[in-house]
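Asks: Residue numbers for the sequence shown follow my numbering, so the first one is 8 and each next one is one higher. This is the structure I want to talk about, given as structure tokens.
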Amino acid sequence: MANHSEEQREDTWIAKRRRVQNLEDLEDLDDGPRFQTLEKLPDELLLHILDSTGSLESPTLSFSAICLVSRRFNRVATPFLYATMEREFPCAEVEENCSLARYLRTLQARPKFRLLTRTLLQTLPSKERVCTCDVHGRSLMRDLADELDLSGQSFVRERSARMEDYLMSLCAFLAPNLERLETRLTDAIWDTKQEGLLLEYISQSALGIPVGNVHSFDKLRFLHVEPGGTFTVPNRHALPLVLLPKLKHLALGDWGSVDDYDENTGEYTGMIDLNDSEVFGRPWTWPMRSSPISELSLLSPRTTPQLACQMIIACKTLKKFKCTTTWRFVRPGDGKWYTHITSALHAHCDTLQELHIREDFTGIRECNQGRVHSLARMVSLTHLRIPWGLLYSHGRGTLCSTLPRSLEYLVIELGSPGIEQLMASLEELHREMDTYFPVLKHVHVLWALWMFSTPFVPHITKAKYLFEHSSVRFDATIVFTDIRAPSPDEMRQYEAVFTASARYVDEWGQHRGSSHHVTKASTCVSDPEEFEDLMVGYIR
8 MANHSEEQRE
18 DTWIAKRRRV
28 QNLEDLEDLD
38 DGPRFQTLEK
48 LPDELLLHIL
58 DSTGSLESPT
68 LSFSAICLVS
78 RRFNRVATPF
88 LYATMEREFP
98 CAEVEENCSL
108 ARYLRTLQAR
118 PKFRLLTRTL
128 LQTLPSKERV
138 CTCDVHGRSL
148 MRDLADELDL
158 SGQSFVRERS
168 ARMEDYLMSL
178 CAFLAPNLER
188 LETRLTDAIW
198 DTKQEGLLLE
208 YISQSALGIP
218 VGNVHSFDKL
228 RFLHVEPGGT
238 FTVPNRHALP
248 LVLLPKLKHL
258 ALGDWGSVDD
268 YDENTGEYTG
278 MIDLNDSEVF
288 GRPWTWPMRS
298 SPISELSLLS
308 PRTTPQLACQ
318 MIIACKTLKK
328 FKCTTTWRFV
338 RPGDGKWYTH
348 ITSALHAHCD
358 TLQELHIRED
368 FTGIRECNQG
378 RVHSLARMVS
388 LTHLRIPWGL
398 LYSHGRGTLC
408 STLPRSLEYL
418 VIELGSPGIE
428 QLMASLEELH
438 REMDTYFPVL
448 KHVHVLWALW
458 MFSTPFVPHI
468 TKAKYLFEHS
478 SVRFDATIVF
488 TDIRAPSPDE
498 MRQYEAVFTA
508 SARYVDEWGQ
518 HRGSSHHVTK
528 ASTCVSDPEE
538 FEDLMVGYIR
């Protein structure tokens, strides 16, 4: 009879434990017999148990499961488990099943946990919609917005209308010790001129404008805003970011508001936002060499080169700069984007270590954005990625006379034209590298070809032979784009030259009445994620 009672008590305890949703609920559990046994084990044995436990869906879930059977693990692990919160993909259909929603309910019930969060990550693809706003989600959002003195009803209405990721925003507003924030501008709304409220509140806080009970973001060190499609970042949201007192890394996507979107051509035909004299009704003056930002990335910028230069000069010590896919058609008559940008970068010529410039296929073929000049003056530059057309007008010039001696890694983007000039420069670089480039380690050519029949094999073979017995490694990664798919014989030819990777990728452009087939190949080994990052210019 006693044994039966003992079994019933243990079964009840196990059933209750299975209903636990959050780690902090351990405080409300009565100690079961197994729980008491684990608490008496030595620390070394508990660590051995943790090390021997098979992982679940992720290390975080596995760690959480272990914490549910030991108070000691729970006390130690809770700060680590709540330090980083990530918006999972794919999203749950409703926020009731979303990890961020569960996390927000925990913060609502236990405010002390808000101090633990240091990192918020949103990894949703730009075309992915956030989870549906249901009754429970709206109620939770209203309650938390009211607590933050943000007028919960209007907060819910604005967020729902914009289809913005309100859960991510609320998590950021409730984390006063937030140091790292990565988010993506979504493409899940109808209006093409929407502006996100998350950056608006961060910018107002940077200006010292109180926004309810939202904290000041004065501990934010890393802010990455991935570009989307329809949300934009106007000047009044972008400019104050340079005032954040501890911000070291700023990656800003889609900076610049543009009017008059032409759905037939897919282009923005209006004027961009030029106003930098007033921000949120206050006069604006650019700081000079005082912002703590040391890593600046402008991702698909829509702003003017003049405003981009002001942001560069506002940085006290810039060590890394990246610019990807500038929107040329919104700047009528201005073909000197990189000429302006380089002049501003010269203010950091003693400290700049990495410069990454990436354009789209059109930019590689017909780079009319000015020139990146006087690179030899950047005496600390070790990493350079640049389209060939930005180095020399009309493709003329030599690498030895243009690049700094400090260079260690060189990535060159090249279109179909210009291969002869590049090959001549590579031959000169090989002859003179001991004199001009004593620390050079790696040269990588990214080649965009528009026909499978382009005679690339002799050039690649010659370049590989040049560097085969030198201290410099040479690699080539090529994107073939044609109106037809490659034949099996062509794929075998690519595989013979590009031994690391050669694969047919995709077909795109069908919605405009024609399609293009894309094949990618490379001489260097990389996992799929690294390969894709390299091709789209996503370098951190």
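All C-beta atoms in this analysis are idealised placements derived from N, C-alpha and C, irrespective of residue type, glycine included. As the structure is a prediction and not an experimental result, all values here were calculated from the model.
Give the single residue among Pro-308, Ala-483, Pro-445, Thr-324 whose Cα lies nearest to the Cα of Met-430.
Replies: Here residue 430 refers to the residue found at position 423 of the sequence shown. It is Ala-483 whose Cα lies nearest to the Cα of Met-430.
Asks: Kindly provide the ranges of any alpha helix (DSSP H) runs that are 4 or more residues long and lie completely inside the segment 209-256, ordered along the chain.
Replies: 242-245
Asks: From what residue to what residue does the alpha helix (DSSP H) around Leu-550 run?
Replies: The requested residue 550 is not part of the displayed model; the chain covers only 8 to 547.
Asks: Of the choices His-437, His-222, Ala-116, whose alpha-carbon is the least far from that of His-476?
Replies: Position 469 of the sequence shown, counted from the first residue, corresponds to residue 476. Checking every option, the nearest Cα to that of His-476 belongs to His-437.
Asks: Looking at the unbroken alpha helix (DSSP H) that takes in Ala-470, where does it start and where does it end?
Replies: By 1-based counting over the sequence shown, the position of residue 470 is 463. For Ala-470, the uninterrupted alpha helix (DSSP H) segment begins and ends at 464-474.
Asks: Kindly indicate which three-state DSSP category Trp-262 falls into: helix, strand or coil?
Replies: Along the sequence shown, read from residue 1 onward, the residue named residue 262 stands at position 255. Looking at Trp-262 - three-state DSSP - the assignment turns out to be strand.
Asks: Which partner residues does Pro-290 have in the DSSP bridge list?
Replies: Taking the first residue of the sequence shown as position 1, residue 290 is located at position 283. Paired residue(s): Glu-285.
Asks: Heavy atom of the ligand ADP less than 7 Å from the Cβ of His-380, yes or no?
Replies: Looking at this structure, you won't find the ligand ADP or any other ligand, since it has none at all.
Asks: Measuring alpha carbon to alpha carbon, tell me which residue in Met-92, Ser-210, Gln-129, Thr-126 is nearest Thr-113.
Replies: As a first step, residue 113 is located in the sequence shown; it is residue number 106 there, counting from the start. Comparing Cα-Cα distances from Thr-113 to each of Met-92, Ser-210, Gln-129, Thr-126, the minimum goes to Met-92.
Asks: Checking the sheet assignment: what are the DSSP bridge partners for Tyr-511?
Replies: To locate residue 511, count along the sequence shown from 1; it is residue 504. In the DSSP assignment, Tyr-511 is bridged to Thr-526.
Asks: On the three-pair Cβ rule with 8 Å, is the segment 215-229 touching the segment 247-267?
Replies: Yes, since at least three Cβ pairs between the segment 215-229 and the segment 247-267 fall closer than 8 Å, the two stretches touch.
Asks: Secondary structure at Phe-120, three-state DSSP: helix, strand or coil?
Replies: The count along the sequence shown starts at 1 and reaches residue 120 at position 113. The answer is helix: DSSP assigns Phe-120 an H, G or I state.
Asks: Closest by CA to Glu-105, which one among His-55, Tyr-173, Pro-495?
Replies: Counted from its first residue, the sequence shown places residue 105 at position 98. Before going further, note that residue 105 is Cys rather than Glu in the sequence given. Per the Cα distances, Tyr-173.
Asks: By how many angstroms is the C-alpha of Lys-471 removed from the C-alpha of Asp-267?
Replies: The residue given as residue 267 occupies position 260 in the sequence shown. The residue given as residue 471 occupies position 464 in the sequence shown. The predicted position of Asp-267 is uncertain, since its pLDDT is 49 and thus under 50; a value taken from the coordinates is nonetheless stated next. Computed Cα separation, rounded: 48 Å.
Asks: Classify Ser-212 as buried or exposed, calling it buried when 16 or more other Cβ atoms lie within 10 Å of its own Cβ.
Replies: To locate residue 212, count along the sequence shown from 1; it is residue 205. Buried, since its Cβ has 16 or more Cβ neighbours within 10 Å.
Asks: DSSP three-state call for Arg-125: helix, strand or coil?
Replies: The sequence position of residue 125 within the sequence shown is 118, counting from 1. Note: Arg-125 maps to coil in three-state DSSP.
Asks: Opposite Ser-304 in the DSSP bridges: which residues?
Replies: If you number the sequence shown from 1, residue 304 lands on position 297. DSSP lists Ala-258, Lys-329 as partners of Ser-304.
Asks: Would you list the residues sitting across from Trp-454 in a DSSP beta bridge?
Replies: As a first step, residue 454 is located in the sequence shown; it is residue number 447 there, counting from the start. Leu-421, Ile-485, per the DSSP bridge assignment.
Asks: Just checking my contact of Phe-287 with Ile-216 at CB under 8 Å: how many whole Å lie between their CB atoms?
Replies: On the sequence shown, position 280 is the one that residue 287 refers to. On the sequence shown, position 209 is the one that residue 216 refers to. Rounded, the Cβ-Cβ distance is 6 Å, consistent with contact.
Asks: Relative to the alpha-carbon of Leu-352, which residue among Ser-387, Thr-332, Thr-333 has its alpha-carbon at the smallest distance?
Replies: If you number the sequence shown from 1, residue 352 lands on position 345. For the residues Ser-387, Thr-332, Thr-333, the minimum Cα distance to Leu-352 belongs to Ser-387.
Asks: Please go through the same chain and pick out, in chain order, the residues whose beta-carbon is closer than 7 Å to the beta-carbon of Ile-467, but skip the five residues on each side of it.
Replies: Here residue 467 refers to the residue found at position 460 of the sequence shown. Closer than 7 Å at the Cβ level, and outside the excluded window around Ile-467, lie Ala-483, Val-504.
Asks: Express the C-alpha separation of Leu-177 and Asp-156 in angstroms, rounding to a whole number.
Replies: By one-based count along the sequence shown, residue 156 stands at place 149. By one-based count along the sequence shown, residue 177 stands at place 170. Asp-156 and Leu-177: Cα-Cα distance of roughly 12 Å.
Asks: Taking only the alpha-carbon atoms, compute the straight-line gap between Ser-478 and Pro-445 and give it to the nearest angstrom.
Replies: Counted from its first residue, the sequence shown places residue 478 at position 471. Counted from its first residue, the sequence shown places residue 445 at position 438. If you take the alpha carbons of Ser-478 and Pro-445, they lie about 10 Å apart.
Asks: Given a threshold of 16 other Cβ atoms within 10 Å of its Cβ, counted over all protein chains shown, does Thr-324 qualify as buried or as exposed?
Replies: Indexing the sequence shown from 1 puts residue 324 at position 317. Exposed, since its Cβ has fewer than 16 Cβ neighbours within 10 Å.
Asks: Assign Glu-427 to one of two classes, buried (16 or more other C-beta atoms within 10 Å of its C-beta) or exposed (fewer than that).
Replies: Here residue 427 corresponds to residue number 420 of the sequence shown, with the count starting at 1. Exposed, since its Cβ has fewer than 16 Cβ neighbours within 10 Å.
Asks: Return the chain-ordered list of same chain residues with a C-beta closer than 8 Å to the C-beta of Ser-307, the five sequence neighbours on each side being excluded.
Replies: Taking the first residue of the sequence shown as 1, we reach residue 307 at position 300. Result list for Ser-307: Pro-234, Gly-260, Asp-261, Thr-331, Thr-332, Thr-333, Trp-334, in chain order.
Asks: Please report the residue range of the beta strand (DSSP E) in which Arg-378 lies.
Replies: Along the sequence shown, read from residue 1 onward, the residue named residue 378 stands at position 371. Here Arg-378 belongs to no beta strand (DSSP E), and DSSP marks it neither H nor E.
Asks: Relative to the alpha-carbon of Cys-531, which residue among Leu-453, Gly-396, Cys-316 has its alpha-carbon at the smallest distance?
Replies: Position 524 of the sequence shown, counted from the first residue, corresponds to residue 531. Nearest option by C-alpha distance: Leu-453.
Asks: List the DSSP bridge partners of Tyr-416.
Replies: Mapped onto the sequence shown, residue 416 falls at position 409. In the DSSP output, where bridge partners are listed per residue, Tyr-416 has His-390, His-449.
Asks: What are the boundary residues of the beta strand (DSSP E) that includes Thr-91?
Replies: Position 84 of the sequence shown, counted from the start, is the residue given in the question as residue 91. 91-94 is the span of the beta strand (DSSP E), which, as asked, contains Thr-91.
Asks: For His-449, which residues of its own chain have a beta-carbon under 6 Å away from its beta-carbon, when the five flanking residues on both sides are left out?
Replies: Counting from 1 along the sequence shown, the entry for residue 449 is found at position 442. Apart from the 5 residues on each side of it in sequence, His-449 sits with its Cβ closer than 6 Å to the Cβ of Tyr-416, Arg-480 in its chain, given in chain order.
Asks: Quick test of your reading: Leu-122 and Pro-183, contact by CB under 8 Å. State the CB separation rounded to the nearest angstrom.
Replies: Locating residue 122 in the sequence shown gives position 115, where the first residue counts as 1. Locating residue 183 in the sequence shown gives position 176, where the first residue counts as 1. With 8 Å as the limit, Leu-122 and Pro-183 qualify as a contact, their Cβ atoms being about 7 Å apart.
Asks: Whole angstroms are fine: how far does the CA of Met-440 sit from the CA of Leu-447?
Replies: As a position in the sequence shown, residue 447 is number 440, starting the count at 1. As a position in the sequence shown, residue 440 is number 433, starting the count at 1. Answer to the nearest angstrom: the Cα atoms are 8 Å apart.
Asks: Please report the straight-line C-alpha distance between Leu-185 and Leu-204, rounded to a whole angstrom.
Replies: Residue 185 sits at position 178 when you count from the first residue of the sequence shown. Residue 204 sits at position 197 when you count from the first residue of the sequence shown. Rounded to whole angstroms, Leu-185 to Leu-204 spans 17 Å at the Cα level.
Asks: Pick from Val-464, Thr-311, Asp-50, Ile-319: whose alpha carbon is nearest that of Val-83?
Replies: Indexing the sequence shown from 1 puts residue 83 at position 76. Of the listed residues, the one whose Cα sits closest to Val-83 is Asp-50.
Asks: Considering only the alpha carbon of each residue, which of Thr-85, Arg-228, Thr-126 lies closest to Leu-181?
Replies: Position 174 of the sequence shown, counting from 1, holds the residue named residue 181. Closest option to Leu-181, Cα to Cα, is Thr-126.
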